[in-house]
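See below for the structure under consideration.
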Amino acid sequence: MRESAGRFTLAIAQISTRLGDVQGNLEKHLALARQARASGADLIQFPELSLTGYALQDLTPTVALRPNTKDPVFRHLLQASRGIDLIAGFVEADARSRFFIAAAYLSRGELVHIHRKVYLPTYGLFDEGRFFAWGDSVRAFDTRFGRVGMLICEDFWHASPPYLLWLDGADLLYFASASPGRGLSADPRLASASWVEHINQAYASLFTVFVAHANRVGFEDGLNFWGGSTVFDPDGRRVAQSPYHQEAVTLAELDLAQLSRTRTRLPLLRDERTALTLRELLRMQASGAGQAGGKEGGHD
Amino acid sequence: MTEPAPDLTINTDLARQILVEFLRTEIQRAGFSHGVIGLSGGVDSALACYLAAEALGPENVLAVRMPYKTSAPESYEHAELVVRATGVQEKTLPVTPMADALFELVPDAGSIRRGNVLARLRMILLYDQSAEFQGLVVGTGNKTEILLGYTTLYGDSACALNPLGDLYKTQIRQLARAVGVPEVILAKPPSADLWAGQTDEGELGFTYEQVDRLLLLLVDGRYSPQACVEAGFSAKLVEQVIERIRRNQYKRLPPPIAKLSNRTIGYDFLYLRDWGT
Numbered sequence: 003m004r005e006s007a008g009r010f011t012l013a014i015a016q017i018s019t020r021l022g023d024v025q026g027n028l029e030k031h032l033a034l035a036r037q038a039r040a041s042g043a044d045l046i047q048f049p050e051l052s053l054t055g056y057a058l059q060d061l062t063p064t065v066a067l068r069p070n071t072k073d074p075v076f077r078h079l080l081q082a083s084r085g086i087d088l089i090a091g092f093v094e095a096d097a098r099s100r101f102f103i104a105a106a107y108l109s110r111g112e113l114v115h116i117h118r119k120v121y122l123p124t125y126g127l128f129d130e131g132r133f134f135a136w137g138d139s140v141r142a143f144d145t146r147f148g149r150v151g152m153l154i155c156e157d158f159w160h161a162s163p164p165y166l167l168w169l170d171g172a173d174l175l176y177f178a179s180a181s182p183g184r185g186l187s188a189d190p191r192l193a194s195a196s197w198v199e200h201i202n203q204a205y206a207s208l209f210t211v212f213v214a215h216a217n218r219v220g221f222e223d224g225l226n227f228w229g230g231s232t233v234f235d236p237d238g239r240r241v242a243q244s245p246y247h248q249e250a251v252t253l254a255e256l257d258l259a260q261l262s263r264t265r266t267r268l269p270l271l272r273d274e275r276t277a278l279t280l281r282e283l284l285r286m287q288a289s290g291a292g293q294a295g296g297k298e299g300g301h302d
Numbered sequence: 019m020t021e022p023a024p025d026l027t028i029n030t031d032l033a034r035q036i037l038v039e040f041l042r043t044e045i046q047r048a049g050f051s052h053g054v055i056g057l058s059g060g061v062d063s064a065l066a067c068y069l070a071a072e073a074l075g076p077e078n079v080l081a082v083r084m085p086y087k088t089s090a091p092e093s094y095e096h097a098e099l100v101v102r103a104t105g106v107q108e109k110t111l112p113v114t115p116m117a118d119a120l121f122e123l124v125p126d127a128g129s130i131r132r133g134n135v136l137a138r139l140r141m142i143l144l145y146d147q148s149a150e151f152q153g154l155v156v157g158t159g160n161k162t163e164i165l166l167g168y169t170t171l172y173g174d175s176a177c178a179l180n181p182l183g184d185l186y187k188t189q190i191r192q193l194a195r196a197v198g199v200p201e202v203i204l205a206k207p208p209s210a211d212l213w214a215g216q217t218d219e220g221e222l223g224f225t226y227e228q229v230d231r232l233l234l235l236l237v238d239g240r241y242s243p244q245a246c247v248e249a250g251f252s253a254k255l256v257e258q259v260i261e262r263i264r265r266n267q268y269k270r271l272p273p274p275i276a277k278l279s280n281r282t283i284g285y286d287f288l289y290l291r292d293w294g295t
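Just so you know, the sequences run in chain order G and D.
When we follow this note's numbering, the leftmost residue of the first sequence carries the number 3, and every step to the right adds one.
When we follow this note's numbering, the leftmost residue of the second sequence carries the number 19, and every step to the right adds one.
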């Protein structure tokens, strides 16, 4: 561990999953966590729903977990996290049988944080709102390697969750996706891949933070997941890139001192006018103008 | 009429990579390692054969030629070119005896009925070879014909999986050229070859290049019919194509099951084919 030096090594595990086979996927997580640790990684990040597969439909209740030491799956993951911090994607069942698309951050045998997906795409080829409940909080949290935030796929297709995490103190954003490839054109990348890389680079640049994106690969029926996981630094530079459409574990050494260097040059965080933003949002909500609060009634 | 040129160009390297991996992965997940393809001598099945050979290895692909006595001789020869170029296994099972036995019972059947019979008899032969060869039937239908319903239900549309169904005919030609399908196959007019002189474009009443550009706007671009006309397509063509798409929706879906219970297959019993794999 080199946490005192402000540097650490992130491993992005760009995997394919078996649909509904939690045990099979768990074994892959544990094997890759061991491998990443042996390679010197301090944190391994898995994609969205990495323990279950993506298009679960009616499998959802059968793969749902309660993230605690009594759970046979989490018991193994928590044990693995004694050697390497770990971000995994799963279906969380709450005590009242609501199911969430969730990401867990585990470290030193403890559950540090859970993020429940707050935006469930239910349009086009997506049908998440049919099977899952909407998460209702976006919080940054402290880790051994800085204050961070986690978001899941559609969460960062909206600008507000990354913005909230930034204001809540996150210096590193961990994004997880199971992004189906679509939009074949003359371009060497699919339109979905171009879009996601474009906005991740933009978030890193606009918020002067690290943005790590773990996307999965493989197929589910006719859907292809395109991979292409990336890490952008606070200057918006691409410091790691996984291949497209292939399983890979990609290592990236992150120098947290870059946060300070970038923000000295470009004090966007210092100058961010949160009170102004809040005042204007409240005004719009009070007057019913625009979309401020428009979706709240539906999901809160 | 000035028509727009919405861009149907695809990156053929990327398409090839995804489709080859799709065939390999999905066939293996279903528990198989072999594929079976009805090879007509046309561009669609030629392309599917090249992709399957690359995905599974040519020794694991069986191309089946199923000529009828009126099939154009060059169809057979063009299929032979594909077999030689890809190195896949090949079998020829003429459909003539089966078809003629049936036509004797229904001598008044017209060309559409006869065409559908040939397509369905070929399906029977392919699925029988699927059992013999322990391979999945790889579909060859493209997006244009699926949308227009220019296909025989339970005939040429029957397959275990389809690598080509999200590519318009114009894009099939691009990809086929890129993977090395012989020029003579690319150059000839597309035909179901169900009777002498039949061509797709003759039967449909428009060209694939024309209709593919319109479909790209209508289906992928979500243009309204009016916007397509404003973009330069004739109102008659737009109306005709929209009506074909609507009228043929039944060919794209499994038959409706009358719902009675609390949980009904097709409505609220929802699992992917890849369930558990």
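All residues carry an ideal CB built from backbone N, CA and C; glycine is no exception.
What you are looking at is a predicted structure, and each value in this text was computed from that prediction instead of being measured.
For a contact meaning CB atoms closer than 7 Å, what does residue i contact in chain D?
{"i": "H200(G)", "result": "In chain order: nothing, as chain D lies at least about 18 Å away."}
{"i": "R20(G)", "result": "T295"}
Could you say which of the options lies nearest to residue i if we only look at CA atoms?
{"i": "A176(D)", "options": "Q35(D), I28(D) and V54(D)", "result": "V54(D)"}
{"i": "A104(G)", "options": "E94(G), F158(G) and G111(G)", "result": "E94(G)"}
{"i": "D44(G)", "options": "L32(G), E29(G) and I86(G)", "result": "I86(G)"}
{"i": "F251(D)", "options": "Q228(D), N266(D), P112(D) and V199(D)", "result": "Q228(D)"}
{"i": "L222(D)", "options": "T169(D), R132(D) and R281(D)", "result": "T169(D)"}
{"i": "H96(D)", "options": "M116(D), L57(D), L143(D) and S129(D)", "result": "L57(D)"}
{"i": "F212(G)", "options": "E255(G), N226(G), S179(G) and D223(G)", "result": "E255(G)"}
{"i": "D173(G)", "options": "S181(G), P164(G) and A180(G)", "result": "P164(G)"}
{"i": "E44(D)", "options": "K30(G), R20(G), A35(G) and L127(G)", "result": "R20(G)"}
{"i": "V197(D)", "options": "L171(D), P24(D), L26(D) and A73(D)", "result": "A73(D)"}
{"i": "K30(G)", "options": "S289(G), V251(G), L283(G) and L258(G)", "result": "V251(G)"}
{"i": "N180(D)", "options": "K161(D), V156(D), R265(D) and R195(D)", "result": "V156(D)"}
{"i": "A66(D)", "options": "Q267(D), R102(D), D25(D) and L182(D)", "result": "L182(D)"}
Going by other Cβ atoms of all chains shown within 10 Å of its Cβ, with 16 needed for buried, is residue i buried or exposed?
{"i": "A276(D)", "result": "exposed"}
{"i": "G183(G)", "result": "buried"}
{"i": "Q152(D)", "result": "exposed"}
{"i": "L280(G)", "result": "exposed"}
{"i": "F287(D)", "result": "exposed"}
{"i": "A33(G)", "result": "exposed"}
{"i": "R240(D)", "result": "exposed"}
{"i": "V202(D)", "result": "exposed"}
{"i": "A216(G)", "result": "buried"}
{"i": "Y56(G)", "result": "buried"}
Residue i versus chain G: which residues are under 9 Å apart at the beta carbon?
{"i": "A33(D)", "result": "L186"}
{"i": "D44(D)", "result": "Residue identity differs from the one stated: residue 44(D) is Glu in this sequence, not Asp. Ordered by position in chain G, the residues that pass the 9 Å Cβ test against E44(D) are F221, D223 and G224."}
In chain G, what lies closer than 8 Å to residue i by C-beta?
{"i": "Y289(D)", "result": "Q59, D60 and L61"}
{"i": "I28(D)", "result": "L186, S187 and A188"}
{"i": "D25(D)", "result": "S187 and A188"}
On the three-state DSSP scale, how would you describe residue i?
{"i": "H247(G)", "result": "coil"}
{"i": "F143(G)", "result": "strand"}
{"i": "M84(D)", "result": "coil"}
{"i": "D25(D)", "result": "coil"}
{"i": "W228(G)", "result": "strand"}
{"i": "L253(G)", "result": "strand"}
{"i": "L278(D)", "result": "coil"}
{"i": "F40(D)", "result": "helix"}
{"i": "H115(G)", "result": "strand"}
{"i": "Q25(G)", "result": "helix"}
{"i": "Q59(G)", "result": "helix"}
{"i": "L284(G)", "result": "helix"}
{"i": "S6(G)", "result": "Residue confidence for S6(G) is low, a pLDDT of 45 falling below 50, so the modelled location carries little weight and cannot support an answer."}
{"i": "L32(D)", "result": "helix"}
{"i": "E108(D)", "result": "strand"}
{"i": "Y172(D)", "result": "coil"}
Taking Cβ-Cβ distances shorter than 7 Å, what residues in chain G pair up with residue i?
{"i": "I260(D)", "result": "By Cβ distance, chain G contributes nothing, its closest Cβ being about 21 Å from I260(D), past 7 Å."}
Going along chain D in order, which residues have a C-beta closer than 8 Å to the C-beta of residue i?
{"i": "N226(G)", "result": "I36, E39 and F40"}
{"i": "G183(G)", "result": "I36"}
{"i": "H247(G)", "result": "Q35, I36 and E39"}
Please list, in chain order, the chain D residues whose beta carbon lies closer than 9 Å to that of residue i.
{"i": "R281(G)", "result": "Under the 9 Å cutoff, chain D gives no residues; its nearest Cβ is about 38 Å from R281(G)."}
{"i": "D23(G)", "result": "G294 and T295"}
At least 3 beta-carbon pairs within less than 8 Å: the stretch 142-158 of chain D vs the stretch 120-129 of chain D: no
Just checking, does the stretch 111-122 of chain G make contact with the stretch 11-28 of chain G on the three C-beta pairs under 8 Å criterion? no
Take every Cβ of the stretch 74-90 of chain G, pair it with every Cβ of the stretch 140-159 of chain G, and state whether three or more of those distances are shorter than 8 Å. yes
Can you find at least 3 beta carbon pairs, one from the stretch 256-276 of chain G and one from the stretch 203-218 of chain G, that sit closer than 8 Å? Counting C-beta pairs closer than 8 Å gives three or more between the stretch 256-276 of chain G and the stretch 203-218 of chain G, which meets the contact rule.
If contact is defined by three or more beta carbon pairs under 8 Å, each pair taking one atom from either stretch, is the stretch 250-266 of chain D in contact with the stretch 212-221 of chain D? no
Taking contact to mean 3 or more Cβ pairs, one atom from each stretch, closer than 8 Å, check whether the stretch 150-168 of chain G and the stretch 121-141 of chain G are in contact. Per the Cβ contact rule, the stretch 150-168 of chain G is in contact with the stretch 121-141 of chain G (3 or more Cβ pairs under 8 Å).
Any contact between the stretch 77-93 of chain D and the stretch 28-39 of chain D? By contact I mean 3 or more CB pairs, one from each, below 8 Å. no
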